[in-house]
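> Protein chains in written order, with the working numbering: chain V, 1 to 462; chain C, 1001 to 1462. All C-beta atoms in this analysis are idealised placements derived from N, C-alpha and C, irrespective of residue type, glycine included. Quick one: the structure is below, and I'll ask about it shortly.
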């Protein structure tokens, strides 16, 4: 363990330098967010011109604060930041978040180097500059200046883009994906993705790690941190294309590097590369609630032949296999199907399939040794009964006995309109991994397969 | 013009053979759907055992009906169907829809051949068997047995899968995509995809054609019909993978054929191949409301650098190009950006971008001769103002002067939660092509590019 970030995410005392009474200022928003958290800590606004802000006693300088400080949030103009860092060193604070922008992202590399020189021989850890800060939903602390209340859960997110980081909170809430921590790394003057991966790997509140990165400082270190991580790491690496890499350079002042090398390296390290943040949440939701796949063989159950074929195509496109049914499973499913309809994989339960057909077919698939994961799908084919479908899904996902016996993932797909959507909201809210397209479902299953492969290599999955 | 399908989609008189008083029967649902339509036509329920059904006088045989019949819907068991076809020939009806299943999809090819023999030397056209029928939203006629009221619009859909066809209606309604006709082709005993493409190509209510196919009878004829079509044709071809092709064979009893050949042929014919039906609607919405791209150069405007990079990557992945800004455009956009922020493509308007910055940047992009289409994106970065963004989008999409002057497409992307989603619903309802992911936006822009290429080849676009 290189550094202890525990007191960074769970500080006993926080100072906000540049705290303001003006609600348009970042230093006001940051202080207010901490107050709204009602997180148990000592909280000190710092502003040379104020005596009181938002009902709190205000100190004129950091060094005026009578007690020790774990975390300092800096919200002053860039040129004053080095002085605040000096004050922080004098005050022996443990961690600094430099929210202020105006550093290497606008070409001002020198100012960043000045701060690096200042902290070199100290124990102080610095996040940023040019960062939103972090939101720690597990412990109820919002140490950022932006809006957004993440739903508590076990996905920890690291974002190089502040705006996208916050967009991710709203998206996660809307998708009912729970978050433990979300942190913007900004220009990565000191605290880097690999430090955070290492911390989240040990963090008991984190089960899945998601990253949005545009560039990393040290590729080898980054890959090693993914490799060493004991939890699944989902990576959205932007700047794949030439034009994207050019835009990356102008966004964070960093080089994107060769994309193929990244892809190969992430794969080799056991990470899961996602195309965008929608896919990241899709896969995160599957990983958070379902066991990984032991092999790549998928059983598909649907009430519409067409949807079954689309799902089969999407699975096979992603390196998964949709095998023929074993004789035993064929017999089991044949019994529950209407006359004239014969079982296959994908199994077509026919348009009017109700609770029992779905439940019995899913169970037969789970029991089949040639199947490593099951996709259960419904299309509102005019005669579908959404409540029957969602009821069966809920039962199969919840049934502990089945999960203990087979430890195979179940994912769901729906195609339809508002009547379905309202029920799907219930399912999402209950943590069910359900997706509105065949492709997204197949990608989520693929994520469970990649994670299964990683665990097998580590000897953690039989 | 081989056949006149006009009286098929707009019949003056309809008979439902197998009409029933029992609400669980298909023959009841089909009759009720026509009644609910309140479509102006003569309507005859046919059932040997009833005198009246749903308030309508019931005839015991087709040949008992005193007036001419344009369209017959057959809802009786498969083995009786040939007799009804004979009655139809005797009665000189124009068109038949065989809703009944139990034909080649369950191995009973002979029964289909029997019907083909019966109609060979007649002018009767037959849809099905094993079809849902059709819904004609443009003329207000529901000649199907399934639920679902499509929103009126100009996309005509042809589906080989009945259940998926209906799922498409619900999905289209939910996405606010308007439909002119939706038709299930079933086993394609007679009326085939190419007949329908030809008809929709001339249909004034149809602007875009979408197909879900698993197999076609005659590949060359199919491709020629796409090539001859004067409107964009979107194709979801299922059964791409080996396992998918196996499932296709069991679903509709047809062979899927080599997938690469399909892809190449669809491309060559000027069609747009979509990965799934979600993508079909995404591209259809863009084609319905936006001009095609003249070239492949995209301008991207965003309030978050990360989102801009993701969009750039997705565009370049799809053969689109995100060029550097011309000096002139650089100057124009530089003026509206905050200090320290420099324009680029993607243009980052910074997190708090309001109406004016969006509007002015979009206008500058439209005016740029090096840009063929514009993507305007917003991520709810904690400080975003959704109403400012959606307001600017609405204005730019609506502003007729701009569209007449530049004829370039504008697509929108959003990343956020419920606060955005409610506004996005307004936008979708107003016909704005807005998408919740960078990939989906880029694919829709790609569709506009492919359509532009087709029109250029045809000499219809300068």
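Which partner residues of residue 156(V) appear in the DSSP bridge assignment?
209(V)
> Give the residues of chain B in contact with residue 238(V), contact being defined as C-beta atoms less than 7 Å apart.
Annotation note: the requested chain B is absent from the structure, which comprises protein chains V and C.
> If we define contact as Cβ-Cβ less than 8 Å, is residue 166(V) a contact residue for chain C?
Using beta-carbon distances, residue 166(V) counts as an interface residue toward chain C, with a partner under 8 Å.
> Should residue 1374(C) be flagged as near chain V, meaning a C-beta pair shorter than 8 Å?
no
> Between the C-alpha atoms of residue 1044(C) and residue 1129(C), what's the straight-line distance to the nearest angstrom?
Roughly 21 Å separates the two Cα atoms.
> Closer than 8 Å, CB to CB, is residue 1406(C) near chain V or not?
no
> Starting from the beta carbon of residue 330(V), find every residue of chain C whose beta carbon is closer than 7 Å, and list them in chain order.
Those within 7 Å of residue 330(V) in chain C number zero; the least Cβ separation is about 12 Å.
> Check whether the Cβ of residue 112(V) lies closer than 8 Å to any Cβ atom in chain C.
no
> Using Cβ-Cβ distances below 9 Å, what residues of the region 417-444 of chain V are close to chain C?
417, 418, 419, 420, 421, 436, 437, 438, 439 and 440
> What number of angstroms, rounded off, separates the C-alpha of residue 1311(C) from the C-alpha of residue 357(V)?
Distance from the CA of residue 1311(C) to the CA of residue 357(V), rounded to the nearest whole angstrom, comes to 42 Å.
> Look at the alpha carbon of residue 1(V) and the alpha carbon of residue 124(V), and state the distance between them as a whole number of angstroms.
Since pLDDT at residue 1(V) reaches only 42, below the 50 mark, its modelled position is unreliable, and no value is offered.
> At which residue ranges does the region 1310-1335 of chain C contain complete alpha helix (DSSP H) runs of 4 or more residues, listed in the order of the chain?
none
> Spell out whether any CB of chain V is found under 8 Å from the CB atom of residue 1235(C).
no
> Which first and last residues belong to the beta strand (DSSP E) in which residue 449(V) is found?
Looking at the DSSP string, residue 449(V) is not in any beta strand (DSSP E); the run it does join, the alpha helix (DSSP H), is 438-457.
> Nearest by alpha-carbon distance to residue 156(V): which of 106(V), 407(V), 301(V) and 281(V) is it?
Nearest option by C-alpha distance: 281(V).
> Against chain V, with Cβ distances strictly below 8 Å, would residue 1149(C) count as a contact?
Chain V, which has no Cβ nearer than 8 Å to the Cβ of residue 1149(C), makes this no.
> Distance cutoff 8 Å, beta carbons only. Does residue 275(V) sit that close to anything in chain C?
yes
> Could you tell me the boundaries of the beta strand (DSSP E) in which residue 131(V) lies?
Where residue 131(V) is concerned, there is no enclosing beta strand (DSSP E), given that its DSSP letter is neither H nor E.
> Would you say residue 1218(C) lies against chain V (beta-carbon separation less than 8 Å)?
no
> Is the region 280-299 of chain V touching the region 1008-1018 of chain C, taking contact as three or more C-beta pairs under 8 Å?
No contact exists between the region 280-299 of chain V and the region 1008-1018 of chain C.
> What does the alpha-carbon distance come out to for the pair residue 1275(C) and residue 1212(C)?
Taking the straight line from one Cα to the other gives about 10 Å.
> Any idea which residues DSSP pairs residue 1348(C) with across the strands?
1302(C)
> Does DSSP put residue 136(V) in a helix, a strand or coil?
strand
> Roughly how many angstroms separate the alpha carbons of residue 195(V) and residue 1330(C), rounded to a whole number?
39 Å
> Expressed to the nearest angstrom, what Euclidean distance is found between the alpha-carbon atoms of residue 1150(C) and residue 443(V)?
30 Å
> Considering only residues of the same chain and omitting the five flanking positions on each side of residue 289(V), which have a CB-CB separation below 8 Å?
Residues of the same chain with a CB within less than 8 Å of the CB of residue 289(V), apart from the 5 flanking positions on each side, are 397, 431, 432 and 433 in chain order.
> Looking at the C-beta of residue 50(V), does it have a partner C-beta in chain C at a distance below 8 Å?
no
> Within the same chain, show all residues whose beta-carbon is closer than 7 Å to that of residue 318(V), passing over the 5 residues directly before and after it, in chain order.
442, 443 and 446
> Identify the contact partners of residue 1214(C) in chain V, using a Cβ-Cβ distance below 9 Å as the criterion.
The answer, in chain order, is 305, 306 and 309.
> Name the residue from 1031(C), 1224(C), 1026(C) and 1349(C) whose alpha carbon lies nearest to the alpha carbon of residue 1042(C).
Considering only alpha carbons, the answer is 1031(C).
> Can you pull the chain V residues whose beta carbon is under 7 Å from the beta carbon of residue 1241(C), in chain order?
Contact annotation for residue 1241(C) against chain V: 312, 313, 316 and 317 [CB-CB distance below 7 Å, chain order].
> Residue 1241(C) and residue 313(V) - do their beta-carbons sit closer together than 8 Å?
yes
> Using the beta-carbon count (16 or more within 10 Å), is residue 1294(C) buried or exposed?
buried
> By Cβ distance below 6 Å, which residues in the same chain neighbour residue 380(V) in space, the five residues on each side in sequence not counted?
416 and 420
> What's the gap between the Cα of residue 390(V) and the Cα of residue 1099(C)?
29 Å
> Comparing the C-beta of residue 391(V) with each C-beta of chain C, is any distance below 8 Å?
Taking Cβ atoms only, chain C never reaches closer than 8 Å to residue 391(V), which makes this a no.
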